[in-house]
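Engineer:
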Amino acid sequence: MANASLRIGQRELLGALVLEPCGILDASSYGGLRDAMAKAGTEEPRAVIVDVDGLDVRDRSALSVFPAVAERLGQWPGVPVLLASSTEEVHELLAEYRLDRFVPVHRSVAAAAGAIDDPPPRLVQRRELPNSLASAVRARRFVQDTCDAWQMAEPPRDDAVDIVNELVENTLQHTYCAPSIRLELRRGVFTVAVYDDDPVRPCPGEGSTATRGKRGLTLVDVLSRVWGCSPTPWGGKVVWAVL
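Quick note: the sequence shown uses the working numbering, first residue 1256, plus one each step.
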């Protein structure tokens, strides 16, 4: 993965994904690093570790990419972000920016990997659907059955059904893709995620179902604590909502 000023390598270590950016970090390369971190998180590793030793930080404000993505991945899919550097100069720079208030900073990649907490117990169910008008019905039934099996109360269950309906309808109406669903319950936090192979982000107002006087992503925004859209490593996207 690369752009004009920044190349980003990736490897796996102890279930974590280690990103190794090399080059200039400034306003022009901020987006590339942000997207690489977000894509790594969608693979649901134990953590995303960024080895920052290869960065030439030309614009210190671009360091905000780390707390911004850490907060997003912490919301969904619950993946921690850690930084690693073996050089004193880089540590002084990160300390000056007070980055360790938001993202853990370690002296090596190995130390960062050793500091990863075991992921909390989580329940996960997945379902792949065809690009068919019947898929919205199947999606609603899948969420209902899963919530019943997990003994979830009615309010979050009903909200999750409405959310998955809107997200699947969006995929069916605005892409030629077959949607897939991922449901997760972790420490009482329930998430609904719908994947497709189209990289185009959904627009507010998209959707087909009139529910509680609202439609589409407007309804998703009302019913969820937080929601968002992230790129996937295979070139598509995932739209997710946390209840």
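Glycine included, each C-beta is placed from N, C-alpha and C at the ideal position.
1) In three-state terms, what does DSSP make of residue 1486?
2) Looking only at C-alpha atoms, which of 1303, 1308 and 1289 sits nearest to residue 1317?
3) Assign residue 1386 to buried or exposed, taking buried as 16 or more other Cβ atoms, counted over all protein chains shown, within 10 Å of its Cβ.
4) For a minimum of 4 consecutive residues, which ranges assigned as the alpha helix (DSSP H) are wholly contained in the segment 1348 to 1431?
5) Mind checking residue 1207: buried by the 16 CB within 10 Å criterion, or exposed?
6) Could you check which residue in 1413, 1457 and 1425 has the C-alpha nearest to that of residue 1446?
7) Which value, in whole angstroms, describes the spacing of the CA atoms of residue 1465 and residue 1452?
8) Going by other Cβ atoms of all chains shown within 10 Å of its Cβ, with 16 needed for buried, is residue 1458 buried or exposed?
9) Establish whether the CB of residue 1498 and some CB of chain C are separated by less than 7 Å.
10) Per DSSP, what kind of secondary structure is residue 1305 in: helix, strand or coil?
Structural biologist: On the basis of the supplied data:
1) The residue labelled residue 1486 in the question sits at position 231 within the sequence shown. Here residue 1486 sits in strand by DSSP.
2) Within the sequence shown, numbered from 1, the residue matching residue 1317 stands at position 62. For residue 1317, the nearest C-alpha among the options comes from 1289.
3) By one-based count along the sequence shown, residue 1386 stands at place 131. It is exposed - the Cβ of residue 1386 has fewer than 16 other Cβ atoms within 10 Å.
4) 1364 to 1369, 1390 to 1404 and 1409 to 1429
5) Because the chain is modelled from 1256 through 1498, residue 1207 falls outside the range shown and cannot be assessed.
6) Position 191 of the sequence shown, counted from the first residue, corresponds to residue 1446. Taking only the C-alpha atoms, the option nearest residue 1446 is 1413.
7) For the purposes of this step, residue 1465 is taken as residue 210 along the sequence shown, with counting starting at 1. For the purposes of this step, residue 1452 is taken as residue 197 along the sequence shown, with counting starting at 1. A caution first: residue 1465 carries a pLDDT of 43, below 50, which makes its placement in the model too unreliable to give a value.
8) Numbered from its first residue, the sequence shown carries residue 1458 at position 203. Exposed is the call here.
9) Going by chain labels, chain C is absent from the structure shown, which holds only one protein chain.
10) Taking the first residue of the sequence shown as position 1, residue 1305 is located at position 50. Looking at residue 1305 - three-state DSSP - the assignment turns out to be strand.
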